[in-house]
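Under this note's numbering, the first residue of the sequence shown is numbered 235, with each subsequent residue one higher.
Here is the structure we will look at, set down as structure tokens.
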Amino acid sequence: MTNRFLRNYIIVGLLVTITGGIILYQFLPDIKYPVIKSDPTVWNVPDINALPRTPEAGLIRYGRELIVNTSSYLGPKGSIASISNGMNCQNCHLEAGTRIWGNCFAIVASTYPKFRPRSGRLESIEYRVNDCMERSLNGEKLDSLSKEMRAMVAYLKWLGKDVPKENKLKGMGIPQFPFLDRAASVEKGKQVFYLTCRRCHGENGQGQLKPDSSGYIYPSLWGPNSYNVSAGIYLVSRLAGFVKYNMPYTDTPAGSQLLDDEAWDVAAFICSQPRPVKVFKADWPVLATKPFDFPFGPYTDSFSELQHKYGPFAVIKKRHL
Ligand code: HEC
Ligand code: HEC
235 MTNRFLRNYI IVGLLVTITG GIILYQFLPD IKYPVIKSDP TVWNVPDINA
285 LPRTPEAGLI RYGRELIVNT SSYLGPKGSI ASISNGMNCQ NCHLEAGTRI
335 WGNCFAIVAS TYPKFRPRSG RLESIEYRVN DCMERSLNGE KLDSLSKEMR
385 AMVAYLKWLG KDVPKENKLK GMGIPQFPFL DRAASVEKGK QVFYLTCRRC
435 HGENGQGQLK PDSSGYIYPS LWGPNSYNVS AGIYLVSRLA GFVKYNMPYT
485 DTPAGSQLLD DEAWDVAAFI CSQPRPVKVF KADWPVLATK PFDFPFGPYT
535 DSFSELQHKY GPFAVIKKRH L
């Protein structure tokens, strides 16, 4: 008798506790535990100063130094070799390739070897670096086994070591922004240049050399010491994208300071000026893969070289991949 009573008592007690618990639970404040998760659109640049004092780390540091002060080592008066035009890799890959929107190197390690339509082959990092040596620095290739090439590749691999191939990072490479509905204007671009760029890059786009002429304080934008016509940045859309997000240069990223049409027009003006001509006959083995703004024919469409160079681009792009 006492046992059964006790049993019922316990069962009822349990039921009351459970139901009460469930009811109370509804009224509990919604507790959110802090989740420590980094923003997948932001690249966390590894810290070069945190590297140890080992030979491997030394090679990475040397690679960074070569990218920042290329001219001191490989320029016309270079201490290692005289095989490039006096520009530094950093002139176009800002802050040693670590600045977002500044043609950064975040995704190099994870995407190379990579198939590129310009060469029509799978390219290693060494191959891609030599592309910029021969075109952007209007120079000569480095031996893949040279200390300088191994150092730059070590730096690029270290820089991108934590970036997965599939990523959501923002501001990689040179971003694209909307086309104009007209052709980019050399005349209007000239005015933008004189108002906004001349004070640093010089009256004739020649830039400004360091006092000991070991390299540039402000690099040339055209003329004999600039990149050649086979460089990627000779395409109006690449140049406009770079300029739109990065020029006038500021020590800390200042966001876009130019209007879209100013960036397109000034890029057209710079691309209309003379620069070294070096042609690579094996480029674009499949004509249809030429970019919409590639300024040299033949093409698979009927638009002129002039329209391919300056636009209007939307109609051409429609016909492209
Ligand atoms: C005159 C400008 C310029 C200079 C100088 C320059 N580059 Fe480049 N580089 C570019 C452009 C433009 C691209 C292609 C970016 C794009 O299309 O998004 C590029 C691409 C690259 C890439 C491939 C990036 C990727 O994500 O696929 C590497 C690696 C590279 N450059 C290394 C170098 C190195 C190393 C140097 C110095 C030896 C150098 N560059 C100098 C303009 C330059
Ligand atoms: C305050 C000075 C300053 C102004 C103004 C300025 N730039 Fe630059 N520009 C630089 C510096 C410095 C670099 C190289 C950055 C580096 O090496 O870290 C550079 C690099 C460049 C490059 C890539 C390297 C090359 O030589 O092709 C281009 C293109 C460029 N500037 C275009 C422009 C244009 C177009 C304007 C005007 C809209 C402009 N800049 C205004 C300082 C300036």
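Glycine included, every Cβ here is placed at the ideal spot set by N, Cα and C.
Computed from a prediction, not measured in an experiment: that's the story for all the values here.
Residues near residue i in its chain [Cβ-Cβ closer than 7 Å; skip 5 each side]
{"i": "residue 315", "result": "308"}
{"i": "residue 530", "result": "539"}
{"i": "residue 235", "result": "With a pLDDT of 47 at residue 235, under the threshold of 50, the modelled position of that residue is not reliable, and the figure given next carries that caveat. For residue 235, where only same-chain residues beyond five positions count, there are no Cβ hits under 7 Å."}
Integer Cβ distance of residue i from residue j, believed to fall under 8 Å
{"i": "residue 504", "j": "residue 455", "result": "5 Å"}
{"i": "residue 502", "j": "residue 370", "result": "The pair is not a contact, with the Cβ atoms about 19 Å apart (cut-off 8 Å)."}
{"i": "residue 394", "j": "residue 341", "result": "6 Å"}
{"i": "residue 378", "j": "residue 360", "result": "5 Å"}
{"i": "residue 375", "j": "residue 364", "result": "4 Å"}
Cβ shell of residue i (< 6 Å), same chain only, five flanking positions each side left out
{"i": "residue 492", "result": "478"}
{"i": "residue 402", "result": "274 and 275"}
{"i": "residue 389", "result": "294, 297 and 298"}
{"i": "residue 550", "result": "526 and 537"}
{"i": "residue 356", "result": "347 and 349"}
{"i": "residue 423", "result": "499, 500, 502 and 503"}
{"i": "residue 460", "result": "454 and 509"}
{"i": "residue 483", "result": "none"}
{"i": "residue 571", "result": "Nothing can be reported for residue 571: it is not among the residues displayed for the chain, which extend from 235 to 555."}
{"i": "residue 533", "result": "none"}
{"i": "residue 336", "result": "328 and 480"}
Same chain, Cβ closer than 8 Å to residue i, five either side skipped, listed in chain order
{"i": "residue 508", "result": "456 and 457"}
{"i": "residue 301", "result": "322, 323, 324, 327, 330, 331, 386 and 389"}
{"i": "residue 548", "result": "413 and 415"}
{"i": "residue 444", "result": "450 and 451"}
{"i": "residue 426", "result": "492, 496, 499, 500 and 503"}
{"i": "residue 518", "result": "351, 352, 354, 524 and 528"}
{"i": "residue 473", "result": "467, 501, 504 and 505"}
Range covered by the alpha helix (DSSP H) that runs through residue i
{"i": "residue 504", "result": "494–505"}
{"i": "residue 480", "result": "470–480"}
{"i": "residue 362", "result": "359–368"}
{"i": "residue 551", "result": "548–552"}
{"i": "residue 387", "result": "381–393"}
{"i": "residue 421", "result": "420–426"}
{"i": "residue 544", "result": "539–544"}
{"i": "residue 434", "result": "432–435"}
Terminal residues of the beta strand (DSSP E) in which residue i lies
{"i": "residue 452", "result": "450–452"}
Residue i Cβ short of 6 Å to ligand 4 heavy atom set
{"i": "residue 469", "result": "This structure simply doesn't include ligand 4; it includes ligand 1 and ligand 2 instead."}
is_contact[residue i, chain B] using C-beta, thresh 7 Å
{"i": "residue 424", "result": "Considering every chain present, this structure includes no chain B. It has just one protein chain."}
query = Which runs of the beta strand (DSSP E) spanning at least 3 residues fall entirely within the region 293–357, listed in chain order?
reply = Counting only runs of 3 or more, we get 348–350 and 355–357.
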